[in-house]
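Student:
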Amino acid sequence: MSGFLKSEPVRACLARLLALYIQAALRLQFGCRIEGEAHMRALTGTAPMIAAFWHETLPTMPALWREVRRAGLTRPAAVLASRHRDGQLIGNIMRALGLGLVSGSSSKGGAASLHQLVRLIQSGSHIVITPDGPRGPARVPAPGVAALAGMTGALILPCGAATTRFITLRKSWDGMRIPLPFGRLVLVCGAPLAVPRDAWREALPAIAAALDDAQARAKP
-10 MSGFLKSEPV RACLARLLAL YIQAALRLQF GCRIEGEAHM RALTGTAPMI
40 AAFWHETLPT MPALWREVRR AGLTRPAAVL ASRHRDGQLI GNIMRALGLG
90 LVSGSSSKGG AASLHQLVRL IQSGSHIVIT PDGPRGPARV PAPGVAALAG
140 MTGALILPCG AATTRFITLR KSWDGMRIPL PFGRLVLVCG APLAVPRDAW
190 REALPAIAAA LDDAQARAKP
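Counting with my numbering, you get residues -10 to 209 for the letters of the sequence shown.
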């Protein structure tokens, strides 16, 4: 059975099924409240941005892109996913939900991925990133997100999300939450952050604080 589940076609099919479930669960919410809608609408503007949120909220975040598209988003977006099997599964889910996929890591050793993300931003694409992924520690940003913002000048949009009905994957390193239908959803976008090119490492505490604040405000 384990060999069967490791099969690439099987994992791709599983990712598609999970994507369909997540789409359905997020549609079947009793309302969606958006905090920081003006900040969210920055994603429909003329400049590419880096949308960042903690890894634990990843399954809920497609709702943000649904709302941004409703607000007029036409710019492409790509998500960074780990090359690990679990990361590729999540990445395939996001791809099935309409985002491009970049395989790699925002942590040390992800130089090739970083350069690919730089090129995507320079070509006009938004980037979606979980700064504490793919393996944690939870809510501790790896340097890649700050380096990317510093190198490109793209603003970081800190995001948070929560729903009143969910299950927690307690064996996961971050306590990832899977949304259930028939809850109430809240999406939060904080003020965009600018990262100095020559001082991006010093920006990591501010990035962590902004993401913590956005997630703390996500109270359905």
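Heads up, the beta-carbon is just placed ideally off N, CA and C, and yes, glycines get one too.
(1) Measuring CB atoms only, is the region 138 to 156 touching the region 25 to 41, in the sense that at least three cross pairs come out at less than 8 angstroms?
(2) If Arg128 sits next to Asp202, beta carbons under 8 angstroms apart, how far is it from one beta carbon to the other, in whole angstroms?
(3) Touch check for the region 153 to 163 and the region 184 to 191: three-plus C-beta pairs under 8 angstroms?
(4) Within 10 angstroms of its Cβ, does Gln204 collect 16 or more other Cβ (buried), or is it exposed?
(5) Would Val(-1) be called buried (16 or more neighbouring beta carbons within 10 Å of its own) or exposed?
(6) Leaving aside the five residues before and after Val110 along the sequence, list all residues of the same chain whose C-beta is less than 7 angstroms from its C-beta, in chain order.
(7) Since Ile82 sits in a beta bridge, which residues does DSSP pair it with?
(8) Quick check on the burial criterion: 16 or more other C-beta atoms within 10 angstroms. Buried or exposed for Ala197?
(9) To which residues of the same chain is Leu169 closer than 8 angstroms at the C-beta, ignoring the five residues directly before and after it?
(10) If you follow the beta strand (DSSP E) that Glu45 is part of, which residue opens it and which one closes it?
(11) Buried or exposed for Arg69, going by 16 or more other Cβ atoms inside 10 Å?
(12) Cβ atoms of Val177 and Ala138: under 8 angstroms apart, would you say?
(13) Exposed or buried, Thr35, counting other C-beta atoms within 10 Å across all chains shown (16 or more means buried)?
(14) Taking the CB atoms as reference points, tell me whether Glu56 and Met29 lie closer together than 8 angstroms.
(15) Going straight from the alpha carbon of Arg5 to that of Arg16, what length do you get?
(16) What three-state label does DSSP hand Ala150 in the structure shown?
(17) Please state if the CB of Arg166 and the CB of Thr63 are separated by a distance shorter than 8 angstroms.
(18) Can you tell me which of the three DSSP states Ile23 falls into?
(19) What first and last residue would you give for the beta strand (DSSP E) that runs through Pro(-2)?
(20) Does chain B have any CB closer than 8 angstroms to the CB of Met38?
Tutor: Looking at the atomic coordinates:
(1) yes
(2) Not quite, the Cβ-Cβ distance comes to about 12 angstroms (not below 8 angstroms), so this is no contact.
(3) no
(4) buried
(5) exposed
(6) Per the sequence shown, residue 110 should be read as Ile rather than Val. So the list reads Pro37, Ile116, Thr141, Ala143, once near-sequence residues are dropped.
(7) For Ile82, which the question treats as bridged, DSSP gives no partner whatsoever.
(8) buried
(9) Ala14, Thr152, Arg154, Phe155, Ile156
(10) Note, Glu45: premise wrong, no beta strand (DSSP E); not H, not E.
(11) Inspection of the sequence shows that residue 69 is occupied by Leu rather than by Arg. With 16 or more Cβ atoms within 10 Å of its Cβ, Leu69 is classed as buried.
(12) no
(13) exposed
(14) yes
(15) 16 angstroms
(16) strand
(17) no
(18) strand
(19) Taken as a continuous stretch (DSSP letters only), Pro(-2) belongs to no beta strand (DSSP E), being part of the alpha helix (DSSP H) at -3 to 16.
(20) Going by chain labels, chain B is absent from the structure shown, which holds only one protein chain.
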